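Colleague: FYI, the numbering for the sequence shown is -28 to -1, 1 to 776, going by mature numbering (1 follows the signal peptide of the UniProt record, and there is no 0).
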Amino acid sequence: MQSRWWSCGIRLVTWTWVWSLALLGVWCIPANEVNLLDSRSVMGDLGWVAYPKNGWEEIGEVDENYAPIHTYQVCRVMEQNQNNWLHTNWILTEGAQRVFIELKFTLRDCNSLPGGVGTCKETFNMAMKESRYIKIDTIAADESFTELDLGDRVMKLNTEVRDLGPLTRKGFYLAFQDLGACIALVSVRVFYKRCPFLVKSLAEFPDTIPGSEASQLVEVVGRCVNNSLPLYEPPRMHCSTEGEWLVPIGKCVCQPGFEEINGSCQVCKVGFYRSLLESLACSKCPPHSVARQMGATACSCEDGYYKLDSDPSNMACTPPSPVSVVRKGHTGKSSIALSWAEPDRPNGIILEYEIKYFEKEQDSSYTIIKSKDTEMVVEGLKPSSAYIFQVRARTSAGYGHFDMTLTLMFLDHFFLRRCGYSKAKQDPEEEKMHFHNGHIKFPGVRTYIDPLTYEDPNQAVHEFAQEIDVSYISIERIIGAGEFGEVCSGPLRLPGKREIQVAIKTLKAGYTEQQRRDFLWEASIMGQFNHPNIIRLEGVVTKSKPVMIITEYMENGSLDTFLKKNDGQFTVIQLVGMLRGIASGMRYLSDMGYVHRDLAARNILVNSNLVCKVSDFGLSRVLEDDPEAAYTTRGGKIPIRWTAPEAIAYRKFTSASDVWSYGIVMWEVMSYGERPYWEMSNQDVIKAVEESYRLPGPMDCPEALYHLMMDCWQRERSNRPKFDEIVCLLDKFIRNPSSLKKLVNSSHRVSNLLVEHASVEGNCSTRSQTVGEWLDSIKMGRYTELFMEGGYSSLETVAQMTSE
């Protein structure tokens, strides 16, 4: 079969083989693309309008599979002043505000045409019309063909894609203008991109059409599916113009009584339970308790065994022995008489009672006295002080719990009585409180409990961390060295649960009891946290050797190393998404009342989905008077370049000092892991920060992010933003990426650094310094020769240096 390629009898060409090539992959359309027009899929004539009629010509054929082929051709190169138009039919947008136009065409090289042609072009124009025609672009061929190519049956097919928007009407026309080219329009495809239906983290996100602007992200709230509920905040994703889901926020977790297995919520089996959204899997009922039905949210104690409603769900049921009532008796100037009732059903013969008391808010320092009787006079109390008293019984089976608490305000012979057990005598607000390990807690609000408040650290470990049988763990490889031993990875296979990859911290052989306590201290802290941006504790191994801490495995390791390996590889939105995750985790810790004290990119871990999680808990920090002014920990020295001034000067660690550290982390992220303050010594950093020097904006850092960093570095800690404010602001940036377009002025970066550094040196100025002296002062003296060779022989020329 033959088609006329150009008029005037220049040549006829057989095209059947060309169409087979052109139609390859016709139906392989990506899932995120929706066709509005595809000339290759139309069965009959396209019916487009050509003007003049002897210009563009529609050629309708079929290929070897009898599939329809449509092409429009024009080659009026023998005539002058060509102006040939081809108009499509009305194209409905289906609600899309930005569309893409894909053209496949061939075009002949003008130099290969015989002499005497009237005019010849190697481009054509494309336009669109909503209310009037507007030119989209001039289309040129990457590859043109010659007469020799036709003889050798070699066809060079060009593909060009243009985007169009924002569209304001329900549809539009396309038009193609030929001004004298020899061209065949093989196919025209008009499509829009969408973010396709997605189920992620038990949340369902519908098909979503992107916004009209090229950089706009559309926020979509997901719907929790399959017996799941939102954790902390509703799950959200952001749909980009390219039809990609970006920046996941929040997640869904299985509702109590269910656990996630292979991406769906499965009901807990008989004998297992799950009570909280924050725990991930169903747990076996603790000793002397049972769950007789599937989907249990709690286990019931066996006959003869008991536990209080306030006891954690994972606590074993025991025969009763806590003291139930503590009473106040006669008071003296600095003493008080206490009495209590003997337990109704003690677990054996009561051998003695233990009375623990301490000043309110001073629970880390307490006194314990013992009594054989159910009464005791406590002496040596301070006037005008509030005391907390707790009593427990001891039998041959061991101690009971400090379950009941009496709080007394000792005001020079006058006591304000608050009892954690007698609602009739409580203040209205006091009824909302209960006590846990000496701490006041409000129902529904989780509060961090310092493991040091436990007289036996092992008790804290077993209260907050699950004991894992070592047979469920396989160590496959060593991934690093920790403070106490090797860090490994391998699978964790718990009965009835899917296998997961975990990180395994081990305690090296020959440890002391104090080292064992220090090692497990971090688990006592980590086990209290449950948040998608906090590293998750899976459990501990304490009943066999080596002692282990098991955490979730983070495939991409520490954030600083990960950024250095992938320098410049992420979009600003991806980096902001990482920062948002870190801020969300820190907001959670702040709400829990926990101060991290060592927030830095090296202590942030990254998983395969680029989710950042805060790690490294439990370090003890003591400020020493050493030349570097660094913090000494069990793991070595922590550089002070991440630490707020008030924490350095007065050991004042608060959430506000964590915010300062977060600002440094922001700087690390936006500079792809560069060391803060470069090669300046710690002593120089302290002096510079104290004299108001602040790190300059990283290269290509959005101005809005740098302003947030500077807010985090306010001298007055009360002026720094809170973590919930930081999360809110980053959410706004993610929803409106155009707010991040304005970058820090990189052309003035060196001059700003020069001026700022000179100002903190005190008795030296930019006018008196040489370039070599200035480079030495910022620990870059080794580059002096390079500066001189580049023509930067004075500070005035350095100040004019640009990023290029």
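Every residue gets a Cβ at the ideal spot worked out from N, C-alpha and C, and that includes glycine. Quick caveat, the model's predicted, so the values are computed rather than measured.
Given this structure, state the Cα-to-Cα distance separating Phe456 from Pro518, to the nearest angstrom.
Modeller: To locate residue 456, count along the sequence shown from 1; it is residue 484. To locate residue 518, count along the sequence shown from 1; it is residue 546. Distance between the alpha carbons of Phe456 and Pro518: 11 Å.
Colleague: For Glu761, which residues of its own chain have a beta-carbon under 7 Å away from its beta-carbon, when the five flanking residues on both sides are left out?
Modeller: As a working mapping, residue 761 is identified with position 789 in the sequence shown. Nothing listed; no residue qualifies.
Colleague: Specify the secondary structure class of Pro284 as computed by DSSP and reduced to three states.
Modeller: Along the sequence shown, read from residue 1 onward, the residue named residue 284 stands at position 312. Coil.
Colleague: For the beta strand (DSSP E) containing Ala34, list its first residue and its last residue.
Modeller: On the sequence shown, residue 34 is found 62 positions in, with the first residue counted as 1. First, the residue type needs correcting, since residue 34 is Val and not Ala in the sequence shown. From DSSP, the beta strand (DSSP E) with Val34 extends over 29 to 34.
Colleague: Does the distance from the C-beta atom of Trp312 to that of Pro423 stay below 9 Å?
Modeller: Here residue 312 refers to the residue found at position 340 of the sequence shown. Here residue 423 refers to the residue found at position 451 of the sequence shown. Taking 9 Å as the Cβ cut-off, Trp312 and Pro423 do not qualify as a contacting pair.
Colleague: Which residues share a DSSP beta bridge with Met348?
Modeller: In the sequence shown, the residue the question calls residue 348 occupies position 376. Answer is Leu310.
Colleague: Work out the CA separation of Lys128 and Asp81 for me, nearest whole Å.
Modeller: Locating residue 81 in the sequence shown gives position 109, where the first residue counts as 1. Locating residue 128 in the sequence shown gives position 156, where the first residue counts as 1. Computed Cα separation, rounded: 11 Å.
Colleague: Within 10 angstroms of the Cβ of Val158, are there 16 or more other Cβ atoms? Answer buried if so, exposed if not.
Modeller: Indexing the sequence shown from 1 puts residue 158 at position 186. So Val158 ends up on the buried side.
Colleague: Could you check whether Asp109 and Ala186 sit closer than 9 Å to each other, using their CB atoms as the reference points?
Modeller: As a first step, residue 186 is located in the sequence shown; it is residue number 214 there, counting from the start. As a first step, residue 109 is located in the sequence shown; it is residue number 137 there, counting from the start. No, the Cβ-Cβ distance between Ala186 and Asp109 is not below 9 Å.
Colleague: For Asn409, does the three-state DSSP call read helix, strand or coil?
Modeller: Working through the sequence shown from its first residue, we reach residue 409 at position 437. Interpretation of Asn409 is limited by its pLDDT of 39, a score under 50 that renders its predicted location unreliable; the figure taken from the coordinates is listed afterwards. In the structure shown, Asn409 sits in coil (DSSP, three-state: anything other than H, G, I, E or B).
Colleague: Determine whether the beta carbon atoms of Thr60 and Trp28 lie at a separation below 9 Å.
Modeller: Against the sequence shown, residue 60 aligns to sequence position 88. Against the sequence shown, residue 28 aligns to sequence position 56. Not in contact: Thr60 and Trp28 (Cβ atoms no closer than 9 Å).
Colleague: Any idea if Leu758 is buried or exposed, counting beta-carbon neighbours within 10 angstroms, 16 or more meaning buried?
Modeller: One-based indexing of the sequence shown puts residue 758 at position 786. So Leu758 counts as exposed.
Colleague: What's the call for Asn430, buried or exposed, on a 16-neighbour Cβ count within 10 Å?
Modeller: Translated into the one-based positions of the sequence shown, residue 430 becomes position 458. The residue in question, Asn430, is exposed, as its Cβ has fewer than 16 Cβ neighbours within 10 Å.
Colleague: Tell me the start and end of each unbroken alpha helix (DSSP H) in the stretch 109 to 172 that is at least 4 residues and wholly inside, in chain order.
Modeller: Runs of the alpha helix (DSSP H) inside the stretch 109 to 172: 119 to 123.
Colleague: Measuring alpha carbon to alpha carbon, tell me which residue in Ala113, Pro202, Gly67, Ser633 is nearest Arg141.
Modeller: Here residue 141 refers to the residue found at position 169 when the sequence shown is read from its first residue. Arg141 has its Cα closest to that of Gly67, out of Ala113, Pro202, Gly67, Ser633.
Colleague: What would DSSP say about residue 807, mapped onto helix, strand or coil?
Modeller: Missing from the structure shown is residue 807; the chain here goes from -28 to 776 and no further.
Colleague: Considering only DSSP beta bridges, list what Tyr325 is partnered with.
Modeller: Looking up residue 325 in the sequence shown gives position 353. According to DSSP, which records beta bridges pairwise, Tyr325 is partnered with Ser343, Ala365.
Colleague: May I ask you to report which of helix, strand or coil DSSP gives Phe96?
Modeller: Here residue 96 refers to the residue found at position 124 of the sequence shown. Looking at Phe96 - three-state DSSP - the assignment turns out to be strand.
Colleague: Would the stretch 228 to 241 count as touching the stretch 466 to 483 if we require 3 or more Cβ pairs under 8 Å?
Modeller: Contact holds: three or more Cβ-Cβ distances are below 8 Å.
Colleague: Answer with buried or exposed for Met558, where buried requires no fewer than 16 other C-beta atoms within 10 angstroms of its C-beta.
Modeller: Taking the first residue of the sequence shown as 1, we reach residue 558 at position 586. The residue is buried, with at least 16 neighbouring Cβ atoms inside 10 Å.
Colleague: If you count every other CB in all the chains shown that lies within 10 Å of the CB of Ser664, and 16 or more means buried, which is it?
Modeller: Residue mapping note: residue 664 aligns to position 692 of the sequence shown, counting from 1. Ser664 comes out exposed.
Colleague: Rounding to the nearest angstrom, what Cα-Cα distance links Cys271 and Arg574 in this structure?
Modeller: Here the question's residue 271 lines up with position 299 in the sequence shown. Here the question's residue 574 lines up with position 602 in the sequence shown. Computed Cα separation, rounded: 41 Å.
Colleague: Quick check on the DSSP output: the beta strand (DSSP E) that includes Val239 runs from which residue to which?
Modeller: Along the sequence shown, read from residue 1 onward, the residue named residue 239 stands at position 267. Segment 236 to 239, the beta strand (DSSP E) holding Val239.
Colleague: Can you pull the DSSP bridge partners for Ile576?
Modeller: Along the sequence shown, one-based indexing puts residue 576 at 604. Looking at the DSSP assignment, Ile576 forms a beta bridge with Val586.
Colleague: Would you kindly work out how many angstroms separate the C-alpha atoms of Asn286 and Phe374, rounded to a whole number?
Modeller: Position 314 of the sequence shown, counted from the first residue, corresponds to residue 286. Position 402 of the sequence shown, counted from the first residue, corresponds to residue 374. The alpha-carbon atoms of Asn286 and Phe374 are separated by roughly 17 Å.
Colleague: So the candidates are Val219, Ile522, Val225, Ser627; which of them puts its Cα closest to the Cα of Leu174?
Modeller: Along the sequence shown, one-based indexing puts residue 174 at 202. Minimum Cα distance to Leu174 is reached at Val225.
Colleague: Under 8 Å by Cβ, that's how I've got Ser643 and Leu577 pegged, so tell me the actual separation to the nearest angstrom.
Modeller: For this step, residue 643 is matched to residue 671 along the sequence shown. For this step, residue 577 is matched to residue 605 along the sequence shown. Not really, about 19 Å apart at Cβ, beyond 8 Å.
Colleague: Could you check the C-alpha separation between Lys256 and Met520 for me, to the nearest Å?
Modeller: Looking up residue 256 in the sequence shown gives position 284. Looking up residue 520 in the sequence shown gives position 548. Approximately 21 Å, taken between the alpha carbons.
Colleague: Please name the residue, chosen from Glu115, Trp632, Val512, Val716, that lies closest to Glu439 on a Cα-to-Cα basis.
Modeller: Mapped onto the sequence shown, residue 439 falls at position 467. Among Glu115, Trp632, Val512, Val716, the Cα nearest to that of Glu439 belongs to Val512.
Colleague: Cβ atoms of Pro182 and Val193: under 9 Å apart, would you say?
Modeller: On the sequence shown, position 221 is the one that residue 193 refers to. On the sequence shown, position 210 is the one that residue 182 refers to. Cβ atoms of Val193 and Pro182: not closer than 9 Å.
Colleague: Can you find the residues in the same chain that come closer than 8 Å, C-beta to C-beta, to Gly452, ignoring five residues on each side of it along the sequence?
Modeller: To locate residue 452, count along the sequence shown from 1; it is residue 480. Glu458, Val459.
Colleague: Nearest CA to the CA of Trp614: which residue from Asp630, Asp441, Leu680, Tyr622?
Modeller: As a position in the sequence shown, residue 614 is number 642, starting the count at 1. Among Asp630, Asp441, Leu680, Tyr622, the Cα nearest to that of Trp614 is on Asp630.
Colleague: Please list the terminal residues of the continuous beta strand (DSSP E) segment that includes Glu191.
Modeller: On the sequence shown, position 219 is the one that residue 191 refers to. From DSSP, the beta strand (DSSP E) with Glu191 extends over 190 to 193.
Colleague: Is it buried or exposed for Val548, if we count other Cβ within 10 angstroms and need 16 for buried?
Modeller: Residue numbering aside, residue 548 sits at position 576 when the sequence shown is read from its first letter. Flag for Val548 reads buried.
Colleague: Should Arg552 and Ala628 be called a contact, given that it needs their Cβ atoms to be closer than 9 Å?
Modeller: Residue 552 sits at position 580 when you count from the first residue of the sequence shown. Residue 628 sits at position 656 when you count from the first residue of the sequence shown. Not a contact, by the Cβ cut-off of 9 Å.
Colleague: Report the residue ranges of all alpha helix (DSSP H) runs contained in full by the stretch 425 to 491; include only those spanning at least 4 residues, in chain order.
Modeller: Those alpha helix (DSSP H) runs which fall completely within the stretch 425 to 491 and span 4+ residues are 429 to 436.
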